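A short write-up of the structure that comes next.
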């Protein structure tokens with residue numbers, strides 16, 4: 001691979017002025033002459049390429065992803081080729097997360113040299129005056145941003161199936177290599193190409209977007225954790241956090257499975273299933289949707305969420321009324337009784353199993369009937 005030489009003060013000054021905090025993109029292969037770089041109104045221009053704000057990148061407003069904070073992504077063009085360059089602020093915790101991400105990306109990219117799995121590709125990285133810069137392949141919108149720009153209209157069942165298959169295979173690949181992603185969410189699933197067709201919905205009286213290509217990739221490995229590494233007590237962005245994490249019971253690969261279940265139901269509904277920022281309220285929402293949390297889990301927790309082996313929750317409080325209004329039993333979210341919809345919900349139910357010993361693994365999930373048609377078509 002050719003060495004990246006974008007180590008110029010002009011580049012860093014420009015990117016540090018950028019305020020967007022964006023999700024990652026990935027990979028490495030173009031040589032830029034560092035000796036002829038000048039700043040323009042639109043960005044940075046070189047004799048061999050132009051660096052501008054990435055038109056495909058959008059703000060990552062969700063909490064819990066250290067590598068996203070203060071890390072603008074810019075687009076670099078040379079000879080028609082475009083890559084994304086993620087630049088990390090020179091702050092110790094961000095640098096540490098970025099270097100961890102680089103290590104993980106180097107391993108998973110080398111293990112998947114044939115690009116069989118939907119994990120973002122890193123082309124190269126370098127340290128510029130303390131700022132870690134990572135070059136990635138350029139991807140499209142995140143699945144969250146596509147939902148947002150489409151007025152949170154759900155994805156079609158066929159698109160959900162396609163995305164589920166790719167996400168499950170990618171995360172299963174991580175698990176087989178002793179890695180847990182720990183921060184799976186719609187913001188960290190990016191479309192390879194987010195082009196769409198527009199159709200007018202006469203019933204809703206609005207234009208709606210339909211993806212041309214539902215291929216996706218998993219991104220942001222800044223919090224990925226190996227089995228042998230220290231496991232911090234809290235992982236995952238709030239809405240996608242597994243119950244064992246909230247209850248401080250320890251976690252393993254299965255916390256990713258829970259997150260995938262939350263992602264799939266969000267694709268189906270167009271909105272987050274557990275819309276809360278409070279741990280006890282979050283657990284109450286889980287009970288409203290999935291039934292009571294097993295007693296043995298509540299007995300083991302050291303958190304102050306339990307009274308007499310039950311969740312300490314007042315259903316008549318304002319928060320209790322909010323939970324009853326906001327949530328309902330999982331199967332009541334079904335919009336169709338067709339086999340496709342029922343099979344999807346069966347898969348989601350198995351992913352949202354409280355007990356990690358009973359929660360479906362991704363080895364099992366990839367064989368689920370919901371994915372039969374796409375799995376058979378790829379043989």
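Numbering (the UniProt record's numbering), first residue to last: 1 to 379.
From the three backbone atoms N, C-alpha and C, an ideal C-beta is built for every residue, glycine too.
Here the structure is a predicted model, which is why all the values come from computation and not from measurement.
Same chain only: Cβ atoms within 6 Å of residue 224, ignoring 5 sequence neighbours per side: 104, 179, 181
Is residue 289 helix, strand or coil when you go by DSSP? helix
For residue 353, decide whether its Cβ has a neighbour in chain C, counting only Cβ atoms nearer than 8 Å. Protein chain content of the structure displayed is limited to a single chain, and chain C is not contained in it.
Per DSSP, residue 128 is paired with what? 131
Do the CB positions of residue 281 and residue 323 come within less than 8 Å of each other? yes
Output yes or no for whether 8 Å exceeds the beta carbon distance between residue 365 and residue 347. yes
Evaluate residue 66 with the Cβ neighbour count: other Cβ atoms within 10 Å of its Cβ, from every protein chain shown; 16 or more gives buried, anything less gives exposed. In this predicted model, residue 66 has a pLDDT of only 30, less than 50, meaning its place in the structure is not dependable; the value taken from the coordinates is given anyway. When all chains shown are included, residue 66 counts as buried.
How would you write the range of the alpha helix (DSSP H) that residue 148 sits in, first residue to last? 143 to 149
Specify the secondary structure class of residue 106 as computed by DSSP and reduced to three states. helix
Inter-residue Cα distance where the pair is residue 119 and residue 219: 6 Å
Touch check for the region 208 to 217 and the region 181 to 198: three-plus C-beta pairs under 8 Å? yes
State the DSSP-derived secondary structure class of residue 206, mapped to helix, strand or coil. strand
Which residues does DSSP list as the beta-bridge partners of residue 180? 225
Taking 8 Å as the threshold (C-beta atoms), are residue 83 and residue 140 in contact? no
Should residue 113 be labelled buried (16 or more other beta-carbon atoms within 10 Å of its own) or exposed? exposed
Just list the alpha helix (DSSP H) runs in the region 270 to 351, keeping only unbroken ones of 4 residues or longer that don't cross its boundaries, in chain order. 279 to 290, 295 to 300, 318 to 326, 339 to 351
Put residue 119 into one of helix, strand or coil per three-state DSSP. strand
Measuring only the C-alpha atoms, how far is residue 332 from residue 95? 45 Å
Residue 191 - partner residues in DSSP beta bridges: 216
For residue 289 and residue 87, what's the separation of their Cα atoms in angstroms? 40 Å
Thinking C-beta only, is residue 257 closer than 8 Å to residue 362? yes
Just to confirm, are residue 245 and residue 251 a CB contact at a threshold of 8 Å? yes
Do the CB positions of residue 327 and residue 285 come within less than 8 Å of each other? yes
Could you compute how far the alpha carbon of residue 232 sits from the alpha carbon of residue 172? 21 Å
To the nearest angstrom, how far is the alpha carbon of residue 154 from that of residue 132? 36 Å
Name the DSSP beta bridge partners of residue 362, please? Answer is none; residue 362 lacks a bridge partner.
Please report how far the alpha carbon of residue 263 lies from the alpha carbon of residue 360, in whole angstroms. 15 Å
Compare the beta carbon distance of residue 243 and residue 165 with 8 Å and say whether it is the shorter of the two. no
Report all residues from its chain with a CB closer than 8 Å to the CB of residue 279; omit the five preceding and five following residues, and keep chain order. 246, 303, 305
I need the DSSP call for residue 367, collapsed to helix, strand or coil. coil
Euclidean distance between Cα positions of residue 176 and residue 169: 10 Å
Endpoints, alpha helix (DSSP H) assigned at residue 198: First-last for residue 198: 196 to 201, but that is the beta strand (DSSP E), not the alpha helix (DSSP H).
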